[in-house]
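Participant: In the numbering used here, the protein residues as written are 137 to 538.
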Amino acid sequence: MFIRTVEHDTSLDKFRAEVRDFCERELPSVIREKQKRGQHLEKHEYISWLQRLGSRGWNTGKWPKEHGGLGWEPAQFLAFQEELGRAGAPPLMSFGPTMAGPVIYTFGNEAQKRQHLPGIIKGDLWWCQGYSEPGAGSDLAALKTRADRDGDDYIVNGQKIWTSTAHWADWMFALVRTDQTAKKQEGISFILIDMKTPGITVRPIIGITLGHHLNEVFFDNVRVPIANRIGEENKGWTYAKFLLANERVGNVDVAKVEGNIEQIRQLMAETREAGKPLSDDPTFNRRLAELEVGLATVKALMADQLAAARLSGAPSLMGAAALKLRGTELQQGILQTGLDVLGRHGMVYQSDALHAGWNGEMIGPESSADVIYEHLYRRAATIYGGSSEVQKNIIAKGALGL
Ligand SMILES: Cc1cc2nc3c(=O)[nH]c(=O)nc-3n(C[C@H](O)[C@H](O)[C@H](O)COP(=O)(O)OP(=O)(O)OC[C@H]3O[C@@H](n4cnc5c(N)ncnc54)[C@H](O)[C@@H]3O)c2cc1C
Numbered sequence: 137m138f139i140r141t142v143e144h145d146t147s148l149d150k151f152r153a154e155v156r157d158f159c160e161r162e163l164p165s166v167i168r169e170k171q172k173r174g175q176h177l178e179k180h181e182y183i184s185w186l187q188r189l190g191s192r193g194w195n196t197g198k199w200p201k202e203h204g205g206l207g208w209e210p211a212q213f214l215a216f217q218e219e220l221g222r223a224g225a226p227p228l229m230s231f232g233p234t235m236a237g238p239v240i241y242t243f244g245n246e247a248q249k250r251q252h253l254p255g256i257i258k259g260d261l262w263w264c265q266g267y268s269e270p271g272a273g274s275d276l277a278a279l280k281t282r283a284d285r286d287g288d289d290y291i292v293n294g295q296k297i298w299t300s301t302a303h304w305a306d307w308m309f310a311l312v313r314t315d316q317t318a319k320k321q322e323g324i325s326f327i328l329i330d331m332k333t334p335g336i337t338v339r340p341i342i343g344i345t346l347g348h349h350l351n352e353v354f355f356d357n358v359r360v361p362i363a364n365r366i367g368e369e370n371k372g373w374t375y376a377k378f379l380l381a382n383e384r385v386g387n388v389d390v391a392k393v394e395g396n397i398e399q400i401r402q403l404m405a406e407t408r409e410a411g412k413p414l415s416d417d418p419t420f421n422r423r424l425a426e427l428e429v430g431l432a433t434v435k436a437l438m439a440d441q442l443a444a445a446r447l448s449g450a451p452s453l454m455g456a457a458a459l460k461l462r463g464t465e466l467q468q469g470i471l472q473t474g475l476d477v478l479g480r481h482g483m484v485y486q487s488d489a490l491h492a493g494w495n496g497e498m499i500g501p502e503s504s505a506d507v508i509y510e511h512l513y514r515r516a517a518t519i520y521g522g523s524s525e526v527q528k529n530i531i532a533k534g535a536l537g538l
């Protein structure tokens with residue numbers, strides 16, 4: 137492995153200080169406190185923070201200037217994420233800024249850009265991703281939700297599954313089948329659906345964390361204007377892949393991962409075994425050092441992919457796959473270490489402690505519920521955004537030129 141040397145950039149230091157000051161002033165104490173305790177935020181709390189970031193254009197700082205972004209270099213974006221993480225701010229939202237927005241400004245028409253980009257930049261609206269279906273996850277092109285033309289509308293029928301935060305969403309970007317006879321990748325269109333449209337039912341799926349994050353979404357004769365289709369009919373697969381590459385680069389929030397490492401360091405200092413803190417234990421220290429090296433590697437990979445996105449509009453599918461694979465495996469390695477530091481306390485998952493107002497007694501260290509929640513939730517990191525096996529297939533095909 138080679139080590140990069142980076143020249144010290146004083147303008148970046150100034151920017152970091154600006155972000156720190158902003159967080160100090162603008163991050164509401166209730167959000168800061170909840171973040172510190174690992175407690176779940178309400179939608180209005182999250183939105184109010186995103187709107188504050190939006191007032192500076194910071195939700196979409198890495199977008200090109202001609203689309204309303206600030207044209208940030210990768211280093212500036214990474215510095216921004218790090219400072220947010222260190223200030224205890226919630227992670228950036230990716231559905232609008234990283235996924236929907238770039239598809240809309242790259243492939244959408246002027247009316248669509250006018251309608252949707254300001255809401256994403258300002259942080260006003262919540263988006264969700266309607267890709268996966270029962271029977272169409274890794275084999276996404278097998279999706280069956282159909283959109284049939286009727287005058288100026290499509291009539292959408294079918295089902296999406298594993299739709300993260302659909303219960304909060306104002307809009308969904310969705311893949312639908314608009315040609316039943318074409319080869320499967322060729323009959324798909326990319327449409328934007330207003331979640332208030334009659335005929336949409338959102339049902340919760342309670343996962344391993346016992347929290348409500350995932351949903352099933354049912355469409356029963358849902359009318360969606362044809363004007364809400366992005367790009368050409370039946371060409372949605374191209375836009376879908378563009379979005380997936382962006383999504384995979386955003387799958388690992390380096391600030392969050394850095395925060396997890398810091399949390400483990402504190403836990404090691406607090407936890408005593410045989411009269412000594414675990415921070416004196418050479419085995420745990422070695423693990424921590426390896427994880428820190430892993431994080432540096434992932435940051436370098438991410439900077440490369442963000443740079444590729446600046447040059448050619450999107451990261452490469454293969455590069456994004458490598459980053460997603462490395463980043464999510466690292467994340468799981470870090471969280472497993474957290475669980476190992478918790479030791480026997482890791483067997484008690486007090487999920488109620490993650491809700492505001494809980495005043496029970498914590499068994500084990502203060503942060504145990506958060507550490508266990510993250511460990512459980514991020515088991516899915518090697519599944520969502522495309523499973524690790526699928527990423528390996530993409531890398532292998534790219535490397536072999538298939
Ligand atoms: C927490 C979470 C959040 C999610 N959020 C969203 C969301 O917001 N929107 C959305 O649309 N989807 C979302 N998903 C769905 C996610 O994208 C799919 O779960 C994922 O693509 C895998 O699909 P699947 O679950 O159908 O598994 P399957 O495709 O059935 O895969 C099952 C197993 O088979 C393996 N496998 C399948 N095909 C191959 C192959 N060709 N080669 C090698 N191995 C293979 C997989 O790696 C996996 O281990 C989310 C999932 C989770 C867990």
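Here a beta-carbon is modelled for each residue, glycine too, at the ideal position from N, C-alpha and C.
For Gln-295, which three-state DSSP category applies?
Facilitator: Residue numbering aside, residue 295 sits at position 159 when the sequence shown is read from its first letter. In this structure, Gln-295 counts as strand in the three-state DSSP scheme.
Participant: Closer than 8 angstroms by C-beta to Trp-208: which residues in its own chain qualify, once you throw out the five before and the five after it? Chain order, please.
Facilitator: Counting from one through the sequence shown, the residue named residue 208 turns up at place 72. Around Trp-208: Gly-197, Lys-198 and Phe-216.
Participant: Go ahead and label Thr-301 buried or exposed: buried means 16 or more other beta carbons lie within 10 angstroms of its beta carbon, across all protein chains shown.
Facilitator: Here residue 301 refers to the residue found at position 165 of the sequence shown. Per the 10 Å Cβ criterion, buried.
Participant: Note down the Cα distance separating Val-390 from Ala-450, rounded to an integer number of angstroms.
Facilitator: As a position in the sequence shown, residue 390 is number 254, starting the count at 1. As a position in the sequence shown, residue 450 is number 314, starting the count at 1. Their backbone Cα atoms lie some 19 angstroms apart in a straight line.
Participant: Using three-state DSSP, classify Gly-482 as helix, strand or coil.
Facilitator: Working through the sequence shown from its first residue, we reach residue 482 at position 346. Of the three classes helix, strand and coil, the one that applies to Gly-482 here is helix, per DSSP.
Participant: Can you list, in chain order, the stretches of the beta strand (DSSP E) that have 3 or more residues and sit fully within the stretch 341 to 419?
Facilitator: 348 to 361
Participant: Between which residues of its own chain and Glu-162 is the CB-CB distance below 6 angstroms, once the five residues before and five after are set aside?
Facilitator: Translated into the one-based positions of the sequence shown, residue 162 becomes position 26. Excluding residues within five positions, the ones whose Cβ falls inside 6 angstroms are Arg-188.
Participant: For the putative contact between Gly-341 and Leu-512, defined by C-beta atoms under 8 angstroms, what is the C-beta separation to the nearest angstrom?
Facilitator: As a working note, residue 341 is residue 205 in the sequence shown. As a working note, residue 512 is residue 376 in the sequence shown. The identity of residue 341 in the sequence shown is Ile, whereas the question assumes Gly. Between Leu-512 and Ile-341 the Cβ distance is about 14 angstroms, and since that is not below 8 angstroms, they are no contact.
Participant: My guess is that Ala-376 and Leu-311 are in contact by the Cβ rule of under 8 angstroms, so how many angstroms apart are they, rounded?
Facilitator: Sequence index remark: in the sequence shown, residue 376 carries index 240 (1-based). Sequence index remark: in the sequence shown, residue 311 carries index 175 (1-based). Indeed they touch by this definition, with Cβ atoms about 6 angstroms apart.
Participant: Taking 6 angstroms as the cut-off, is the beta-carbon of Gln-553 closer than that to any non-hydrogen atom of ligand 1?
Facilitator: In the structure as shown, the chain starts at 137 and stops at 538, and residue 553 therefore has no counterpart that could be examined.
Participant: Considering only C-alpha positions, which residue in the set Ala-247, Asn-495 and Val-507 is nearest to His-481?
Facilitator: Counting from one through the sequence shown, the residue named residue 481 turns up at place 345. Out of Ala-247, Asn-495 and Val-507, Val-507 has the C-alpha closest to the C-alpha of His-481.
Participant: Pop quiz: Arg-182 and Pro-226 are said to be a contact at Cβ under 8 angstroms. What is the actual Cβ separation, rounded to whole angstroms?
Facilitator: Locating residue 182 in the sequence shown gives position 46, counting from the first residue. Locating residue 226 in the sequence shown gives position 90, counting from the first residue. First, the residue type needs correcting, since residue 182 is Tyr and not Arg in the sequence shown. About 6 angstroms separates the two Cβ atoms, so the contact holds.
Participant: Under 7 angstroms, do Ser-487 and Leu-350 count as touching if we go by C-beta distance?
Facilitator: Sequence index remark: in the sequence shown, residue 487 carries index 351 (1-based). Sequence index remark: in the sequence shown, residue 350 carries index 214 (1-based). Against a cut-off of 7 angstroms, the Cβ pair of Leu-350 and Ser-487 comes out as no contact.
Participant: Give the range of the beta strand (DSSP E) segment to which Ser-325 is assigned.
Facilitator: Your numbering for residue 325 matches position 189 in the sequence shown. From DSSP, the beta strand (DSSP E) with Ser-325 extends over 324 to 330.
Participant: When the Cβ atoms of the stretch 517 to 526 are set against those of the stretch 435 to 453, are three or more pairs found closer than 8 angstroms?
Facilitator: no
Participant: Quick one: grab the DSSP three-state call for Tyr-182.
Facilitator: What you label residue 182 is simply residue 46 of the sequence shown in a count that begins at 1. DSSP, read as helix, strand or coil, puts Tyr-182 in helix.
Participant: To the nearest whole angstrom, what separates the beta carbons of Val-484 and Gly-500, a pair I think is in contact under 8 angstroms?
Facilitator: In the sequence shown, counting from the first residue as 1, residue 484 sits at position 348. In the sequence shown, counting from the first residue as 1, residue 500 sits at position 364. Correct: roughly 6 angstroms between the Cβ atoms.
Participant: Would you tell me roughly how many angstroms separate the C-alpha atoms of Ala-505 and Ala-405, rounded to the nearest one?
Facilitator: Within the sequence shown, residue 505 is the residue found at index 369, counting from 1. Within the sequence shown, residue 405 is the residue found at index 269, counting from 1. Using only the alpha carbons, I get a separation of about 18 angstroms.
Participant: Using only the heavy atoms of ligand 1, determine whether one of them is closer than 6 angstroms to the beta carbon of Ala-516.
Facilitator: As a position in the sequence shown, residue 516 is number 380, starting the count at 1. Checking the Cβ of Ala-516 against ligand 1 gives yes.
Participant: Using only CA atoms, which one of Val-360, Gly-244, Leu-328 and Asp-260 lies nearest to Asp-554?
Facilitator: As displayed, the chain neither begins before 137 nor continues past 538, which places residue 554 out of reach and without an answer.
Participant: Among residues of its own chain, excluding the 5 on either side of His-303, which ones have a beta-carbon nearer than 8 angstroms to its beta-carbon?
Facilitator: Here residue 303 is taken as the residue at index 167 of the sequence shown, counted from 1. The answer, listed in chain order, is Val-338, Pro-340, His-348 and Asn-351.
Participant: Are the beta-carbon atoms of Leu-466 and Gly-522 separated by less than 7 angstroms?
Facilitator: Reading the sequence shown from its first residue, position 330 is the one you call residue 466. Reading the sequence shown from its first residue, position 386 is the one you call residue 522. Not closer than 7 angstroms, so no.
Participant: Leu-220 to Gly-204, Cα distance in whole Å?
Facilitator: Taking the first residue of the sequence shown as position 1, residue 220 is located at position 84. Taking the first residue of the sequence shown as position 1, residue 204 is located at position 68. Near 21 angstroms, if we compare the C-alpha coordinates of Gly-204 and Leu-220.
Participant: Is any heavy atom in ligand 1 found nearer than 6 angstroms to the beta carbon of Tyr-520?
Facilitator: Here the question's residue 520 lines up with position 384 in the sequence shown. Answer for Tyr-520: yes, Cβ within range of ligand 1.
Participant: How would you call Leu-538, buried or exposed, if buried means at least 16 neighbouring beta carbons within 10 angstroms?
Facilitator: Taking the sequence shown and counting its residues from 1, the one referred to as residue 538 is at position 402. That one is exposed.
Participant: What are the uninterrupted segments assigned as alpha helix (DSSP H) that are 4 or more residues long and contained completely in the stretch 220 to 261, given in chain order?
Facilitator: 237 to 243 and 246 to 258
Participant: Between the alpha carbons of Glu-560 and Trp-373, how many angstroms are there, rounded?
Facilitator: Residue 560 lies beyond the residue range present for the chain, which begins at 137 and ends at 538; the question has no answer from this structure.
Participant: Which residue wins for smallest C-alpha separation from Gln-175, given the options Lys-201, Phe-354 and Leu-490?
Facilitator: The count along the sequence shown starts at 1 and reaches residue 175 at position 39. Among Lys-201, Phe-354 and Leu-490, the Cα nearest to that of Gln-175 belongs to Leu-490.
Participant: Could you tell me if the beta carbon of Ser-523 falls within a distance shorter than 6 angstroms of some heavy atom in ligand 1?
Facilitator: One-based indexing of the sequence shown puts residue 523 at position 387. Yes.
Participant: Lys-296 and Gly-266: beta carbons closer than 7 angstroms?
Facilitator: The residue you call residue 296 lines up with position 160 of the sequence shown. The residue you call residue 266 lines up with position 130 of the sequence shown. Going by C-beta atoms, Lys-296 is nearer than 7 angstroms to Gly-266.
Participant: Using a Cβ-based criterion (distance less than 6 angstroms to any ligand heavy atom), does Val-407 qualify as near ligand 1?
Facilitator: Here residue 407 is taken as the residue at index 271 of the sequence shown, counted from 1. Per the sequence shown, residue 407 should be read as Thr rather than Val. No; taking the cut-off as 6 angstroms, the Cβ of Thr-407 has no heavy atom of ligand 1 nearer than that.
Participant: Check whether the Cβ of Trp-304 lies closer than 6 angstroms to any heavy atom of ligand 1, and answer yes or no.
Facilitator: Position 168 of the sequence shown, counted from the start, is the residue given in the question as residue 304. No, since every heavy atom of ligand 1 falls outside the 6 angstroms radius drawn around the Cβ of Trp-304.
Participant: Rounding to the nearest angstrom, what Cα-Cα distance links His-180 and Leu-261 in this structure?
Facilitator: For the purposes of this step, residue 180 is taken as residue 44 along the sequence shown, with counting starting at 1. For the purposes of this step, residue 261 is taken as residue 125 along the sequence shown, with counting starting at 1. Cα-Cα distance, rounded: 11 angstroms.
Participant: Which residues in the same chain as Met-454 place their Cβ atom closer than 7 angstroms to its Cβ, once the five residues preceding and following it in sequence are excluded?
Facilitator: Along the sequence shown, read from residue 1 onward, the residue named residue 454 stands at position 318. Result list for Met-454: Ile-530, Ile-531 and Gly-534, in chain order.
Participant: Can Gln-441 and Ala-456 be called in contact, C-beta distance under 7 angstroms?
Facilitator: Counting from 1 along the sequence shown, the entry for residue 441 is found at position 305. Counting from 1 along the sequence shown, the entry for residue 456 is found at position 320. Closer than 7 angstroms, so yes.
Participant: In terms of alpha-carbon separation, which member of Ile-327, Asp-416, Ser-524 and Tyr-290 lies closest to Arg-384?
Facilitator: The count along the sequence shown starts at 1 and reaches residue 384 at position 248. When each option's Cα is compared against that of Arg-384, the closest is Ser-524.
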